[in-house]
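Here's the structure we're looking at; comments come further down.
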Amino acid sequence: MTRTIADLLDGNLAHADAYADRFDDLQNAQHPDAVSVCCSDSRVLQDELWGNDDPGRVFTVGNIGNRVVQRSRDGETVVSGDVLYPLAYTGTKTAVVVGHTGCGAVTATYDAVRADRQAASDAPGVAGDGSTPADAPDPVPADRHPAGVRRCIELLRPRVAPGVDELPADLTHADAVNHLVEYNVDRQVEALRDSADVPDDVGVFGVVYDFQDVYGGARGEVHVVNVDGERDPERIRDANPDVDDRVTRRFQY
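Here my numbering runs 59 ahead of the position in the sequence shown, where the first position is 1.
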(Lines of atoms letter the chains of each structure in order from A; the text may use other names.)
(Lines give C-alpha, C1' and ligand atoms only; values in the text may rest on other atoms or scores of the structure.)
Protein backbone atom coordinates (compact mmCIF):
# COMPACT_ATOMS: atom_id res chain seq x y z
CA MET A 60 0.00 0.00 0.00
CA THR A 61 1.36 3.42 -0.92
CA ARG A 62 2.07 6.11 1.64
CA THR A 63 -0.49 8.31 -0.12
CA ILE A 64 -3.43 5.97 0.44
CA ALA A 65 -2.26 5.24 3.98
CA ASP A 66 -2.26 8.97 4.72
CA LEU A 67 -5.70 9.33 3.19
CA LEU A 68 -7.03 6.51 5.36
CA ASP A 69 -5.51 8.10 8.44
CA GLY A 70 -7.28 11.31 7.55
CA ASN A 71 -10.51 9.41 7.16
CA LEU A 72 -10.24 8.06 10.71
CA ALA A 73 -10.02 11.62 12.00
CA HIS A 74 -13.04 12.52 9.87
CA ALA A 75 -15.06 9.56 11.11
CA ASP A 76 -14.26 10.43 14.70
CA ALA A 77 -15.34 14.06 14.22
CA TYR A 78 -18.51 13.21 12.32
CA ALA A 79 -19.71 10.12 14.19
CA ASP A 80 -22.84 11.81 15.54
CA ARG A 81 -23.62 14.07 12.56
CA PHE A 82 -25.56 11.58 10.44
CA ASP A 83 -28.38 10.71 12.84
CA ASP A 84 -30.97 12.76 10.95
CA LEU A 85 -29.57 12.05 7.48
CA GLN A 86 -29.26 8.30 7.25
CA ASN A 87 -32.42 7.78 5.21
CA ALA A 88 -32.88 11.02 3.27
CA GLN A 89 -31.22 14.25 2.22
CA HIS A 90 -32.59 17.71 1.49
CA PRO A 91 -29.57 19.89 0.67
CA ASP A 92 -29.93 23.66 0.59
CA ALA A 93 -27.87 24.01 -2.57
CA VAL A 94 -26.18 22.08 -5.34
CA SER A 95 -22.67 23.40 -5.99
CA VAL A 96 -21.14 22.55 -9.38
CA CYS A 97 -17.42 23.05 -9.14
CA CYS A 98 -14.31 22.33 -11.14
CA SER A 99 -12.54 19.24 -9.85
CA ASP A 100 -9.21 21.10 -9.67
CA SER A 101 -7.32 19.93 -6.57
CA ARG A 102 -6.77 23.54 -5.47
CA VAL A 103 -10.50 24.15 -5.09
CA LEU A 104 -11.90 22.44 -1.98
CA GLN A 105 -15.60 22.60 -2.65
CA ASP A 106 -17.07 22.25 0.84
CA GLU A 107 -14.24 24.21 2.40
CA LEU A 108 -14.75 27.17 0.08
CA TRP A 109 -18.29 27.51 1.46
CA GLY A 110 -17.11 27.08 5.04
CA ASN A 111 -19.28 23.97 5.13
CA ASP A 112 -18.76 21.01 7.44
CA ASP A 113 -22.41 19.97 7.79
CA PRO A 114 -23.38 16.73 6.04
CA GLY A 115 -26.58 17.16 4.05
CA ARG A 116 -26.21 20.90 3.48
CA VAL A 117 -24.48 21.08 0.07
CA PHE A 118 -24.85 18.59 -2.78
CA THR A 119 -21.43 18.73 -4.42
CA VAL A 120 -20.73 17.99 -8.08
CA GLY A 121 -17.23 18.16 -9.49
CA ASN A 122 -15.84 17.80 -13.00
CA ILE A 123 -13.24 19.52 -15.14
CA GLY A 124 -14.68 22.80 -16.36
CA ASN A 125 -17.59 22.95 -13.84
CA ARG A 126 -19.94 21.68 -16.55
CA VAL A 127 -23.67 21.27 -15.93
CA VAL A 128 -24.30 19.37 -19.19
CA GLN A 129 -23.65 15.95 -20.61
CA ARG A 130 -24.46 14.11 -23.84
CA SER A 131 -27.34 11.68 -23.70
CA ARG A 132 -27.18 8.33 -25.45
CA ASP A 133 -28.90 9.78 -28.51
CA GLY A 134 -26.42 12.66 -28.69
CA GLU A 135 -28.62 15.35 -27.17
CA THR A 136 -26.99 17.83 -24.80
CA VAL A 137 -28.87 17.72 -21.49
CA VAL A 138 -28.39 18.83 -17.90
CA SER A 139 -26.22 16.24 -16.17
CA GLY A 140 -28.03 13.84 -13.91
CA ASP A 141 -25.62 14.53 -11.04
CA VAL A 142 -26.57 18.24 -11.18
CA LEU A 143 -30.24 17.63 -11.82
CA TYR A 144 -30.82 15.02 -9.13
CA PRO A 145 -31.08 17.36 -6.09
CA LEU A 146 -33.11 19.90 -8.07
CA ALA A 147 -35.59 17.27 -9.23
CA TYR A 148 -35.78 14.95 -6.23
CA THR A 149 -34.65 16.53 -2.96
CA GLY A 150 -36.33 19.93 -3.00
CA THR A 151 -33.12 21.89 -3.53
CA LYS A 152 -33.87 25.41 -4.76
CA THR A 153 -30.39 26.89 -5.23
CA ALA A 154 -27.80 25.96 -7.85
CA VAL A 155 -24.32 27.52 -7.85
CA VAL A 156 -21.85 27.16 -10.72
CA VAL A 157 -18.31 27.64 -9.37
CA GLY A 158 -15.60 28.54 -11.84
CA HIS A 159 -12.06 29.33 -10.73
CA THR A 160 -9.15 31.43 -11.89
CA GLY A 161 -6.56 29.69 -14.01
CA CYS A 162 -8.94 26.87 -14.97
CA GLY A 163 -7.08 24.18 -16.90
CA ALA A 164 -10.22 22.94 -18.68
CA VAL A 165 -11.04 26.42 -19.95
CA THR A 166 -7.40 26.87 -20.96
CA ALA A 167 -7.40 23.59 -22.91
CA THR A 168 -10.67 24.52 -24.61
CA TYR A 169 -9.44 28.02 -25.48
CA ASP A 170 -6.23 26.61 -26.91
CA ALA A 171 -8.19 24.00 -28.90
CA VAL A 172 -10.26 26.80 -30.41
CA ARG A 173 -7.07 28.72 -31.27
CA ALA A 174 -5.54 25.58 -32.80
CA ASP A 175 -8.62 25.05 -34.97
CA ARG A 176 -8.48 28.62 -36.20
CA GLN A 177 -4.79 28.43 -36.96
CA ALA A 178 -5.29 25.20 -38.85
CA ALA A 179 -8.17 26.70 -40.83
CA SER A 180 -6.13 29.73 -41.85
CA ASP A 181 -2.83 27.83 -42.06
CA ALA A 182 -1.25 30.73 -40.17
CA PRO A 183 -1.06 31.96 -36.58
CA GLY A 184 -3.60 34.51 -35.46
CA VAL A 185 -2.56 38.14 -35.15
CA ALA A 186 -1.31 39.06 -31.69
CA GLY A 187 -3.87 41.09 -29.80
CA ASP A 188 -6.77 40.16 -32.09
CA GLY A 189 -8.74 38.63 -29.20
CA SER A 190 -7.90 35.06 -30.13
CA THR A 191 -4.12 34.93 -29.87
CA PRO A 192 -2.48 37.07 -27.17
CA ALA A 193 1.11 38.06 -27.84
CA ASP A 194 2.39 35.86 -24.99
CA ALA A 195 0.24 32.83 -25.84
CA PRO A 196 1.98 29.45 -26.03
CA ASP A 197 1.47 27.28 -29.08
CA PRO A 198 -2.06 25.89 -28.77
CA VAL A 199 -2.68 22.19 -28.24
CA PRO A 200 -5.38 20.75 -30.53
CA ALA A 201 -8.15 18.81 -28.82
CA ASP A 202 -7.17 15.55 -30.53
CA ARG A 203 -3.81 15.58 -28.73
CA HIS A 204 -5.58 14.94 -25.42
CA PRO A 205 -6.72 11.50 -24.19
CA ALA A 206 -10.23 10.57 -25.32
CA GLY A 207 -11.88 11.26 -21.97
CA VAL A 208 -10.36 14.73 -21.69
CA ARG A 209 -11.14 15.40 -25.35
CA ARG A 210 -14.81 14.62 -24.68
CA CYS A 211 -14.88 17.20 -21.88
CA ILE A 212 -13.30 19.78 -24.17
CA GLU A 213 -15.91 19.04 -26.82
CA LEU A 214 -18.67 19.71 -24.27
CA LEU A 215 -17.06 23.01 -23.31
CA ARG A 216 -16.08 24.15 -26.81
CA PRO A 217 -19.52 25.35 -28.05
CA ARG A 218 -19.91 27.36 -24.85
CA VAL A 219 -16.42 28.84 -24.71
CA ALA A 220 -15.70 29.44 -28.42
CA PRO A 221 -18.12 32.38 -28.93
CA GLY A 222 -16.49 34.13 -25.99
CA VAL A 223 -13.12 34.11 -27.74
CA ASP A 224 -14.51 36.57 -30.29
CA GLU A 225 -15.73 38.82 -27.46
CA LEU A 226 -12.35 39.11 -25.72
CA PRO A 227 -10.88 42.61 -25.42
CA ALA A 228 -7.72 43.25 -27.39
CA ASP A 229 -4.25 43.18 -25.82
CA LEU A 230 -4.99 40.70 -23.04
CA THR A 231 -2.31 38.35 -21.82
CA HIS A 232 -2.98 34.66 -22.27
CA ALA A 233 -3.68 34.30 -18.53
CA ASP A 234 -6.12 37.23 -18.60
CA ALA A 235 -7.86 35.79 -21.65
CA VAL A 236 -8.33 32.50 -19.80
CA ASN A 237 -9.74 34.25 -16.74
CA HIS A 238 -12.15 36.25 -18.88
CA LEU A 239 -13.30 32.99 -20.46
CA VAL A 240 -13.72 31.45 -17.00
CA GLU A 241 -16.47 34.00 -16.39
CA TYR A 242 -17.89 33.42 -19.87
CA ASN A 243 -18.04 29.68 -19.26
CA VAL A 244 -19.78 30.21 -15.91
CA ASP A 245 -22.35 32.37 -17.72
CA ARG A 246 -23.00 29.65 -20.27
CA GLN A 247 -23.41 26.97 -17.61
CA VAL A 248 -25.88 29.20 -15.75
CA GLU A 249 -27.70 29.70 -19.04
CA ALA A 250 -27.89 25.95 -19.65
CA LEU A 251 -29.55 25.41 -16.28
CA ARG A 252 -32.01 28.25 -16.78
CA ASP A 253 -32.92 27.11 -20.28
CA SER A 254 -33.51 23.47 -19.34
CA ALA A 255 -37.12 22.32 -19.04
CA ASP A 256 -35.89 19.73 -16.53
CA VAL A 257 -34.86 22.39 -13.98
CA PRO A 258 -37.82 23.68 -11.95
CA ASP A 259 -38.68 27.33 -12.59
CA ASP A 260 -38.32 28.28 -8.93
CA VAL A 261 -34.66 27.26 -8.71
CA GLY A 262 -32.28 30.19 -8.27
CA VAL A 263 -29.11 29.87 -10.36
CA PHE A 264 -25.92 31.69 -9.40
CA GLY A 265 -22.53 31.94 -11.09
CA VAL A 266 -19.38 32.62 -9.09
CA VAL A 267 -15.61 32.53 -9.53
CA TYR A 268 -13.21 31.25 -6.88
CA ASP A 269 -9.98 33.23 -6.94
CA PHE A 270 -6.66 31.90 -5.63
CA GLN A 271 -4.50 33.87 -8.06
CA ASP A 272 -5.04 37.47 -6.86
CA VAL A 273 -7.07 38.29 -9.96
CA TYR A 274 -10.10 39.97 -8.38
CA GLY A 275 -8.34 41.94 -5.66
CA GLY A 276 -9.93 40.21 -2.70
CA ALA A 277 -8.48 37.59 -0.39
CA ARG A 278 -7.10 34.40 -1.88
CA GLY A 279 -9.83 31.79 -1.79
CA GLU A 280 -12.61 34.38 -1.97
CA VAL A 281 -15.68 33.69 -4.09
CA HIS A 282 -16.89 36.51 -6.37
CA VAL A 283 -20.46 36.62 -7.67
CA VAL A 284 -20.56 37.23 -11.45
CA ASN A 285 -24.04 36.06 -12.47
CA VAL A 286 -27.44 35.84 -10.77
CA ASP A 287 -30.23 34.11 -12.69
CA GLY A 288 -28.66 35.20 -15.97
CA GLU A 289 -28.06 38.81 -14.95
CA ARG A 290 -24.43 39.79 -15.60
CA ASP A 291 -24.49 43.49 -14.87
CA PRO A 292 -22.77 44.03 -11.50
CA GLU A 293 -24.75 47.15 -10.62
CA ARG A 294 -28.07 45.46 -11.26
CA ILE A 295 -26.99 42.43 -9.26
CA ARG A 296 -25.91 44.67 -6.36
CA ASP A 297 -29.17 46.64 -6.46
CA ALA A 298 -31.21 43.46 -6.37
CA ASN A 299 -29.04 41.80 -3.71
CA PRO A 300 -27.86 44.52 -1.30
CA ASP A 301 -27.02 41.99 1.41
CA VAL A 302 -24.14 40.64 -0.73
CA ASP A 303 -23.31 43.73 -2.80
CA ASP A 304 -19.68 43.69 -1.67
CA ARG A 305 -19.24 40.18 -3.07
CA VAL A 306 -20.25 41.07 -6.63
CA THR A 307 -17.22 41.53 -8.91
CA ARG A 308 -16.99 41.02 -12.63
CA ARG A 309 -14.11 41.52 -15.07
CA PHE A 310 -15.54 40.50 -18.45
CA GLN A 311 -18.27 42.74 -19.87
CA TYR A 312 -19.60 41.73 -23.27
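We put the beta carbon where it would ideally sit given N, CA and C, even for glycine.
Per DSSP, the unbroken alpha helix (DSSP H) holding glycine 207 starts and ends at 206-223. Shown here, asparagine 122 sits in a strand according to DSSP, grouped into three states.
For valine 156, the enclosing beta strand (DSSP E) has its first and last residue at 153-159. Just so you know, the alpha carbons of glycine 115 and glutamine 89 end up roughly 6 Å apart. Going by C-alpha positions, alanine 228 is about 12 Å away from histidine 238.
For serine 180, no beta strand (DSSP E) encloses it; the enclosing alpha helix (DSSP H) starts and ends at 163-180.
In the three-state scheme derived from DSSP, where H, G and I count as helix and E and B as strand, glutamate 280 is classed as strand.
For arginine 294, the enclosing alpha helix (DSSP H) begins and ends at 292-298.
The beta carbon of arginine 308 lies closer than 6 Å to those of Val284 and Pro292 in the same chain, with the five residues before and after it left out.
Counting the other Cβ atoms within 10 Å of the Cβ of proline 145 gives 16 or more, which makes it buried. Closest in alpha carbon position to valine 172, among Ser131, Cys162 and Arg216, is Arg216. Nearest neighbour of proline 91 by Cα position, chosen from His282, Leu104 and Val261, turns out to be Val261.
By the Cβ neighbour-count rule, glutamate 241 is buried, with 16 or more other Cβ atoms within 10 Å of its own. Taking the Cα positions, glutamate 213 is about 11 Å away from alanine 164.
About 4 Å separates the CB atoms of threonine 160 and glutamine 271; that is less than 8 Å, so the two are in contact. The alpha-carbon of aspartate 234 is positioned some 13 Å away from that of glutamate 225.
Alanine 75 sits in a helix when the DSSP states are folded into three classes. For tyrosine 268, the enclosing beta strand (DSSP E) covers residues 262-269. Counting along the chain, valine 302 sits inside no beta strand (DSSP E), nor does DSSP assign it H or E at all. For histidine 74 and threonine 119, the gap between their C-alpha atoms comes out near 18 Å.
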